[in-house]
Structures are given as structure tokens and as C-alpha cells.
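*Asks:* Below are the C-alpha cells for one structure; questions will follow.
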Amino acid sequence: MTKDVNQKRLFVAASLALVVTAVTFAIRARIESVFIDDYGLTAEQVGRAFGPAFWGFAVAMFAGGYFIDIVKTRTIVWMAFGLHLVGIILLLMAKDYTSLFIANVFIGLGNGSVEAACNPLVTALFPEKKTKMLNRFHVWFPGGIVIGSLLAALVMDQLKLPWQVLVSLLFIPLAIYGFLFFGQKIPETERVSTGVTYKEMMRNVGAPITITLAVIFMILVATNSAISAAVTSSYALPLIIVGIIAVAIIIEGRLVNKITLLFPFIFFCMLLTASTELGTTQWINALLANNGIHPMIILAVVTGLMAVGRFFAGGLIHRLNPPGVLLGSAVFAVAGLFLLSKSEGPVMTVISAAVFAVGVCYFWPTMIGVASEYVPKSGALGMSILGGAGFVATSMVLPIMGKSIETSGPQATLLNMTVLPIILVVLFVILNVIVRKKKA
1 MTKDVNQKRL FVAASLALVV TAVTFAIRAR IESVFIDDYG LTAEQVGRAF
51 GPAFWGFAVA MFAGGYFIDI VKTRTIVWMA FGLHLVGIIL LLMAKDYTSL
101 FIANVFIGLG NGSVEAACNP LVTALFPEKK TKMLNRFHVW FPGGIVIGSL
151 LAALVMDQLK LPWQVLVSLL FIPLAIYGFL FFGQKIPETE RVSTGVTYKE
201 MMRNVGAPIT ITLAVIFMIL VATNSAISAA VTSSYALPLI IVGIIAVAII
251 IEGRLVNKIT LLFPFIFFCM LLTASTELGT TQWINALLAN NGIHPMIILA
301 VVTGLMAVGR FFAGGLIHRL NPPGVLLGSA VFAVAGLFLL SKSEGPVMTV
351 ISAAVFAVGV CYFWPTMIGV ASEYVPKSGA LGMSILGGAG FVATSMVLPI
401 MGKSIETSGP QATLLNMTVL PIILVVLFVI LNVIVRKKKA
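Residue numbers for the sequence shown follow our numbering, beginning at 1 and rising by one.
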């Protein structure tokens, strides 16, 4: 690291940019009911209107992953700032489905640009302790949600102020992170500094063309109700589509690129880890509204524990290794969702939420860390693909969960969600075996 790179200032700036991203999610969880009760939208419409906050995130991350070394990290950082600024202003003016949707397009693109720029920035700043510092950086996603949740409870529930006041508070961390990045030298990504070619980075993703096309298809399913209805018209069709994608990945990865399929395997796991974590937390208001405790308090408990866990992740990762941490996390996530589906009173709800928090705590940063450590040549593109895929998967899950809450109820929805971490337990056992064989 060159002396003219201010490591500490850049890390703080990146962390504050992630705070803005996280607070938008906390605000979304709080104001979803406002757009249902005051603006006449259905829960499914709200899920779709806030969908761009997720698939827009994916679009920005994918674009950033492919082009960050061409346009440079600095450009992506300032794109994030501009998109956040416009998105917040548009959200303040939203009053119907269309205006809410457009505002979330800008916010989603801004959020994705933050991750696209800052994940490779953190690994470039701390090349010797990537997974530890990625967890430390991602403290500020749950940390920001805690801040946002507490602000939501204070501004809207205690002070009874309009939701626009809550949204306006986003301008504060936005201005600070813009100031901290201003005039700073931002280092090249790790791929560039280590001399890995762009072609080699693409090859190490395993099946970049198939994965990108698969995510584009997922975005279409998430944003187009007609396509979504067609895909879910039978139980067999989604399985057939997944099978076709799997075969295409194998052909592109093994026969064309002649490389291991470890990254595509991690990619598939990321779809499930992100849906488990973000799908549940984003619908927390509706899922736990009748449990005798304010859902925003539960969200603060969950994300607060996640923030603490990520801050002290270094020792745990050193003892268990990243795949071992992921396996343990999946087991706790199963237990947490199951307990939440059976919880009725406030005490049991808090205990169940704490178990769930332990489960999802390490999912996101450790998944990115696994790719960075075990498929290092996948570079910024690999990290961006994982983050983007996680959010587009969540954008697909949100309307499905919204419909399930309306038709089957919160408890049944939570119980159904346990299927995802159950699958992850199996997949992470396989990942641990793969990593051990690779070391041997």
C-alpha cells in the first residue's frame, strides 16, 4: 500500500457509504405499511415497488464488476453518491406505485455501486486479512439497519413525525461520506495490482456468460408479473429452468473454460443465503406485527447482534475457517426461522430472533470472503457477481413472501422459509469437503 493512500479515511468513508445503503433498507421495512395503509398499495405491489432496491443493486454490481478496472474505482464511488442523492430526493416525492418504483431504481443502483466499489476497495486496502476486514466493513450493514430502525421508531412512532422526515436524515451520512472520499487517492483493485489479466478473471468466474444471463432472467422474473406468473404456473417449470442453467454452467465452465466450478457453486449458495437473510428482515414488520413487541425492536436486536458478530469475526474465522463458519451459520438459521414460526409472546420472539441473527450474521461477508480467498483470481467481478446475485434473488423472494403473508399468514411463511437454510446445510457440508480436498 503506497504512503499517499489514506487507508483509515478510505475505510471509514466506505463504511459510511454502506451505512447509507443499510439505512435505506431499515426505512423500507418501516414505511412499507405507510404505502399500504395511506397510499392504497397491496403488500404484493409494495414488494414489487421496492424490488428495484434489490435488482437495481444487482445491475449496478454486475456493471461495476465488469467495468471497475476500466473506469476505475473512483468513478464508481461518485456514481454511488450521485445515484443516492437523486434516489433520496425522488423517494421524498413518492406517492404511488410508479413514483415509488422509480425512486427505488435510483436507490438500488446507488446501493449496488457502493458494494461494487467498496468490496474490492477493502480487499485492496487490506490484502493480508481480506475476510476479516470484509466482515469488519460489513458490520455497517446490520449496524446501519440498527441505526435506521431506532431512528424509525423515534421519528415516526415516538415523535409522530411524517415518514419524509425519516428519509431526509439520509442526507447526513451521504454528505459525510462524500466529503471523506473527496480528493483522496483510491488504489487499484487487487486484480490489477497482482497482474491478473481481465481474461483470466473472467475465466475464474467459471461460467460468466451463463451466470450473467441467468441473473438477467431472474431480474425479468422479479420485475415482470406476466413472466413471473408464467414461470410459477407449475412446479415443474422452475426446476426445468434451474436444470437448464446448471447444464449450461457445466458446459461453459468445464468444457469451454476448462476450470473448476467452485465459483458457480458459491454463486448458487449466495442466492439462498441472501434470500434467507434479507427476505426475512425486509418483511419483519408484517411477519412479527402480532407478536406483542414492536417489529422494529426485533429488527434492531437481529441486526445489532449481527453487527457485533461481524466485528469480532476474525477469531471465529481463524478457528473454524470460512466454510466451517458458513455451515454453523446455516444450522442456526434453520433453528431461528423454525423458532420464529412458533413464537407468540415477546420473550420467545426475542430469543428466536437472536438465534436467527447468529445464523445469518456471517452469511454475506463470509460468502464474498470465500470467493476472494478460494477463487482469488475471480477478482472484483467475482465479488460483484455474488453481491448482485444475492440482491436479485431477494427481489424475487420479496413478492412471493408478500403473497404468502397475505394468503397463508406470517407463521406459515416463516416455516416455509426454513427450506432455504436446510438446503444450505447440505451445500456447506459439500463446500467444506471441497475446500479440505483442495488444501490436501
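Note that the Cβ used here is the ideal one computed from N, Cα and C, for glycine as well.
Spatial neighbours of Ile-259 within its chain, please: CB distance less than 7 Å, with the 5 preceding and 5 following residues excluded, ordered by chain position.
*Replies:* Annotation for Ile-259: Arg-203, Asn-204, Gly-206, Gly-253 place their beta carbon closer than 7 Å to its own, counting only its chain and skipping 5 residues before and after.
*Asks:* Going straight from the alpha carbon of Val-19 to that of Leu-255, what length do you get?
*Replies:* 42 Å
*Asks:* Can you tell me whether Pro-399 is buried or exposed? The criterion is at least 16 other CB atoms within 10 Å of its CB, across all chains shown.
*Replies:* buried
*Asks:* Give the DSSP-derived three-state secondary structure of Val-167 in the structure shown.
*Replies:* Three-state DSSP puts Val-167 in a helix.
*Asks:* Tell me whether the segment 383–400 and the segment 107–122 touch, counting them as touching only if at least three CB pairs, one residue from each stretch, are closer than 8 Å.
*Replies:* yes
*Asks:* Starting from Lys-456, follow the alpha helix (DSSP H) in both directions and report where the run begins and ends.
*Replies:* The displayed coordinates of the chain run from 1 to 440. Any statement about residue 456 would go beyond what the structure contains.
*Asks:* Helix, strand or coil for Phe-126? Go by DSSP, reduced to three states.
*Replies:* Reduced to three states, the DSSP call for Phe-126 is coil.
*Asks:* Compare the C-alpha of Ser-404 against each of Arg-30, Ala-29, Ala-43, Ser-225 and name the closest.
*Replies:* Ala-43
*Asks:* Label Gly-292 either buried or exposed according to how many other C-beta atoms from any shown protein chain fall within 10 Å of its C-beta, with 16 as the threshold for buried.
*Replies:* exposed
*Asks:* Over what stretch of residues does the alpha helix (DSSP H) that includes Leu-41 continue unbroken?
*Replies:* Per DSSP, Leu-41 belongs to no alpha helix (DSSP H) and is neither H nor E.
*Asks:* Using the beta-carbon count (16 or more within 10 Å), is Phe-496 buried or exposed?
*Replies:* Outside the displayed range of the chain (1 to 440) lies residue 496, so it cannot be described from this structure.
*Asks:* Taking all protein chains shown into account, do 16 or more other C-beta atoms lie within 10 angstroms of the C-beta of Met-218, making it buried, or fewer, making it exposed?
*Replies:* buried
*Asks:* By Cβ distance, which residues of its chain are closer than 8 Å to Val-23, with the 5 residues on each side in sequence left out?
*Replies:* Gly-144, Ile-145, Ile-147, Gly-148, Leu-151, Leu-169, Leu-170, Pro-173
*Asks:* With distances taken from CA atoms, which of Arg-28, Leu-100, Lys-8 is nearest Leu-299?
*Replies:* Arg-28
*Asks:* In three-state terms, what does DSSP make of Lys-438?
*Replies:* Lys-438 sits in a helix when the DSSP states are folded into three classes.
*Asks:* Taking DSSP as the reference, what is the three-state secondary structure of Met-383?
*Replies:* helix
*Asks:* Judging by CA-CA distance, which residue of Thr-281, Gly-82, Phe-50, Asp-69 is the nearest neighbour of Leu-414?
*Replies:* It is Thr-281.
*Asks:* Consult DSSP for Phe-179 and reduce its assignment to one of helix, strand or coil.
*Replies:* helix
*Asks:* Taking the Cβ atom as the reference point for each residue, do Gly-110 and Ala-80 lie within a distance shorter than 8 Å?
*Replies:* yes
*Asks:* According to DSSP, simplified to helix, strand and coil, what is Val-196?
*Replies:* Three-state DSSP puts Val-196 in coil, outside helix and strand.
*Asks:* Check Leu-445 in the structure and name its three-state DSSP category.
*Replies:* Examination of residue 445 is not possible in this model, given that the chain is present from 1 through 440 alone.
*Asks:* When the Cα atoms are used, what is the spatial distance from Phe-363 to Thr-273?
*Replies:* 6 Å
*Asks:* For Val-325, which residues of its own chain have a beta-carbon under 7 Å away from its beta-carbon, when the five flanking residues on both sides are left out?
*Replies:* Residues of the same chain with a CB within less than 7 Å of the CB of Val-325, apart from the 5 flanking positions on each side, are Leu-316, Ile-317, Tyr-362, Thr-366 in chain order.
*Asks:* Between Ser-225 and chain B, is any beta-carbon pair separated by less than 8 Å?
*Replies:* Among the chains of the structure shown, chain B does not appear; only one protein chain is present.
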